[in-house]
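Below is one structure, written out as structure tokens, with a few remarks after it.
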Amino acid sequence: MPTLNQYINEVTIPGTREFANKAAGLNDCIDLTLGQSDFAPPASVKSAMIQAIQDNQLRYTHNRGLIALRTAIAHTLKEKFNVDYHPETEIIVTNGGSEAIDAVFRTIINPGDEVILPSPCYLGYEPIIKLLGAKVVLVDTSKTQLVPTPEAIKAAITDKTKAVLFNYPTNPTGKTLTYQQIKGLAAMLKDEDIFIVTDEIYSENVYDAPHHSFLEFQELRDKLFVINGLSKSHAITGARVGYVVSNAELITHVTSVHLYNAICVATPSQYGAIEAFKDSDTVKIMNKAYIERRDYLFDKLTELGLPVEKPQGAFYIFPDISAYNSSSYQFATDLLERERLAVVPGSAFSKFGEGHIRLSFASSMEELKEAMVRLERFLKEYK
Ligand SMILES: Cc1ncc(COP(=O)(O)O)c(C=O)c1O
Numbered sequence: 002m003p004t005l006n007q008y009i010n011e012v013t014i015p016g017t018r019e020f021a022n023k024a025a026g027l028n029d030c031i032d033l034t035l036g037q038s039d040f041a042p043p044a045s046v047k048s049a050m051i052q053a054i055q056d057n058q059l060r061y062t063h064n065r066g067l068i069a070l071r072t073a074i075a076h077t078l079k080e081k082f083n084v085d086y087h088p089e090t091e092i093i094v095t096n097g098g099s100e101a102i103d104a105v106f107r108t109i110i111n112p113g114d115e116v117i118l119p120s121p122c123y124l125g126y127e128p129i130i131k132l133l134g135a136k137v138v139l140v141d142t143s144k145t146q147l148v149p150t151p152e153a154i155k156a157a158i159t160d161k162t163k164a165v166l167f168n169y170p171t172n173p174t175g176k177t178l179t180y181q182q183i184k185g186l187a188a189m190l191k192d193e194d195i196f197i198v199t200d201e202i203y204s205e206n207v208y209d210a211p212h213h214s215f216l217e218f219q220e221l222r223d224k225l226f227v228i229n230g231l232s233k234s235h236a237i238t239g240a241r242v243g244y245v246v247s248n249a250e251l252i253t254h255v256t257s258v259h260l261y262n263a264i265c266v267a268t269p270s271q272y273g274a275i276e277a278f279k280d281s282d283t284v285k286i287m288n289k290a291y292i293e294r295r296d297y298l299f300d301k302l303t304e305l306g307l308p309v310e311k312p313q314g315a316f317y318i319f320p321d322i323s324a325y326n327s328s329s330y331q332f333a334t335d336l337l338e339r340e341r342l343a344v345v346p347g348s349a350f351s352k353f354g355e356g357h358i359r360l361s362f363a364s365s366m367e368e369l370k371e372a373m374v375r376l377e378r379f380l381k382e383y384k
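With our numbering as the guide, the letters of the sequence shown map in order to residues 2 to 384.
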């Protein structure tokens, strides 16, 4: 047999999917594995997608996306963060946040490079970095309240470091960064010769304070990529709309990667996305429900004796199960087999996630209540 890409074995099915697939095969299973909203997408978004199809809008668009969509993104950035990014040259629409991550890393990474990931972290970064022959350098945030500090990031920088990635609000912990924390990181990073990639896909799902973007720190503009998208904010994970914001030179290169990979994002999805940028009500309604669910889970998990940080954003909660003498993988497997409750083992989010499980609260309150009944029963028996 001809040889495969030497790094292909680094890429395996993620823990989220593994447990979601197991859950799908079981009757009466409560599935708290995947990160997608249980809310319906806004009606205006659906109508715009249908209308686009009726109008035969099924041809390629500009590789960077419809200019009306990029303009809507630029307006949103101005309104939220008071920054000016040019829709023609500094924004590209991608197939979800996922393709944005892939295209950015493929634009900047050479084999042998190092990429710093504050961890526990989303499981979509490491495989891509490794597939490019680069090395992942994990920075443990568990001793600093799940926040990456400038000191810890600086200590991880070597002459091989190509980039550092920050994801906040963070999947899987629900932690986010304050303006002051971002400012501290930006002050340190402005003198470092490395790229900064931020994945702010949960920026709309924040519960205690408004989101601040790295875009607000213009001193980073020559080496910053900001990734965002509509999958989470508008409950359209299947529409595949994400985007990257950077400077014109870097976006030119991301466009080259993107156009050979995807040409463009599905045209009806782009029409839907234009409407999504006009809709700020849906996310407010969703966030109200997420706050209720978060508070319920936080109180209940605390009552069950599991140490847990209160999430400030995203829709995940990440309790500590290390008091139980079992790996997070075994714990999640036993929980699924005995109680038909599907969660994701913390080890899926790097070695620094071990000792935890991730529960998604993008599920109905009714399901969450039943999930807690099952978890309580499980914990009483579990050694
Ligand atoms: C942190 C983070 N980034 C990116 C993505 C991928 O988003 P999309 O569905 O838009 O590709 C996810 C999905 O769960 C995520 O949690």
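Cβ coordinates follow ideal geometry from the N, Cα and C atoms, glycine included. Being a predicted model, the structure only gives us computed values, none of them experimental.
Practice task
Give the secondary structure of R359 by DSSP, where H, G and I count as helix, E and B as strand, and everything else as coil.
Solution key: Correct three-state label for R359: strand.
Handout entry: CA-to-CA distance, G306 to T95, given in whole angstroms
Key = In a straight line, the C-alpha of T95 is about 42 Å away from that of G306.
Practice task
Go through its chain and collect everything with a Cβ distance to G243's Cβ below 6 Å, but skip five positions before and after it.
Solution key: So the list reads T95, G97, G98, A101 and G230, once near-sequence residues are dropped.
Exercise for the section: Return the CA-CA distance between T283 and T238, expressed in angstroms with no decimal places. Expected result: Going by the C-alpha atoms only, they are around 15 Å apart.
Exercise for the section: Take I292 and list the residues in its own chain whose beta-carbon comes closer than 6 Å to its own, dropping the five residues that flank it on each side. Expected result: Result list for I292: Y208, in chain order.
Practice task
For ligand 1, list every residue whose C-beta falls under 6 Å from any of its heavy atoms, going in chain order.
Solution key: Residues flagged by the Cβ proximity filter: G36, G97, G98, S99, Y123, G125, N168, N172, D200, I202, G230, S232, T238 and G243.
Handout entry: Contact the stretch 151 to 163 vs the stretch 178 to 195: 3+ CB pairs below 8 Å
Key = Output reads yes: the stretch 178 to 195 touches the stretch 151 to 163.
Problem - Same chain, Cβ closer than 7 Å to R241, neighbours up to 5 away in sequence not counted - result: Cβ within range, chain order: N96, G97, V266, A267 and S270.
Problem - Option in S143, I31 and N111 with minimal Cα separation from K131 - result: Of S143, I31 and N111, the residue nearest in Cα terms is N111.
Problem - Three-state secondary structure (DSSP) of P269 - result: In the structure shown, P269 sits in a helix (DSSP, three-state: H, G or I).
Practice task
Tell me, to the nearest whole angstrom, how far the beta carbon of N206 is from that of A315; I am working on the premise that it is less than 8 Å.
Solution key: Their Cβ separation, rounded to whole angstroms, is 6 Å, which keeps N206 and A315 in contact under 8 Å.
Problem - Contact between the stretch 218 to 232 and the stretch 189 to 196 (3+ Cβ pairs under 8 Å) - result: Touching, per the Cβ criterion.
Handout entry: Those residues which DSSP pairs with V165 across a bridge
Key = According to DSSP, which records beta bridges pairwise, V165 is partnered with I117 and I197.
Handout entry: Candidates K370, Y325, E355 and R378: closest to P173 by CA position
Key = Comparing alpha-carbon positions, the option among K370, Y325, E355 and R378 lying closest to P173 turns out to be E355.
Practice task
Can you give me the Cβ contacts of L342 inside the same chain, cut-off strictly under 8 Å, excluding the 5 residues immediately before and after it?
Solution key: Correct list, in chain order: C30, I31, L33, L336, A372, R375, L376 and F379.
Handout entry: Anticipated Cβ contact below 8 Å, V246 with I92, distance rounded
Key = Right, their Cβ atoms sit about 5 Å apart.
Problem - Three-way DSSP call (helix, strand, coil) for N10 in this model - result: Of the three classes helix, strand and coil, the one that applies to N10 here is helix, per DSSP.
Exercise for the section: List the endpoints of the continuous beta strand (DSSP E) containing D141. Expected result: Counting along the chain, D141 sits inside the beta strand (DSSP E) bounded by residues K136 to D141.
Handout entry: Those runs of the beta strand (DSSP E) which lie wholly inside the stretch 314 to 380 and span at least 3 residues
Key = Complete beta strand (DSSP E) runs here, min 3: 358 to 361.
Exercise for the section: Could you tell me which uninterrupted alpha helix (DSSP H) segments, each at least 4 residues in length, are contained entirely in the stretch 40 to 69, listed from first to last along the chain? Expected result: The stretch 40 to 69 contains these whole alpha helix (DSSP H) runs: 44 to 55.
Problem - Buried versus exposed, by CB contacts within 10 Å (16 or more), K144 - result: Classification of K144: exposed, given that the 10 Å Cβ count is below 16.
Problem - Reference G125, options F106, F332 and A24, closest by Cα - result: The shortest Cα separation from G125 among F106, F332 and A24 belongs to F106.
Handout entry: Reduced DSSP secondary structure (H/G/I, E/B, other) of F226
Key = For F226, the three-state secondary structure derived from DSSP is strand.
Handout entry: Inter-residue spacing [alpha-carbon to alpha-carbon] between A210 and Q181
Key = For A210 and Q181, the distance between alpha carbons rounds to 13 Å.
Problem - First and last residue of the uninterrupted alpha helix (DSSP H) at G185 - result: Bounds of the alpha helix (DSSP H) holding G185 are Y180 to L190.
Practice task
Below 6 Å CB to CB, which residues in the same chain sit around P312 once its five sequence neighbours on both sides are set aside?
Solution key: Counting only Cβ-Cβ distances below 6 Å, and skipping sequence neighbours, we find G175, R295 and I318.
Practice task
Leaving aside the five residues before and after D321 along the sequence, list all residues of the same chain whose C-beta is less than 8 Å from its C-beta, in chain order.
Solution key: Counting only Cβ-Cβ distances below 8 Å, and skipping sequence neighbours, we find L307, P308, V309, G356 and H357.
Exercise for the section: With DSSP collapsed to three states, give me the class of V242. Expected result: In the three-state DSSP reduction, V242 falls in the coil class, being neither helix nor strand.
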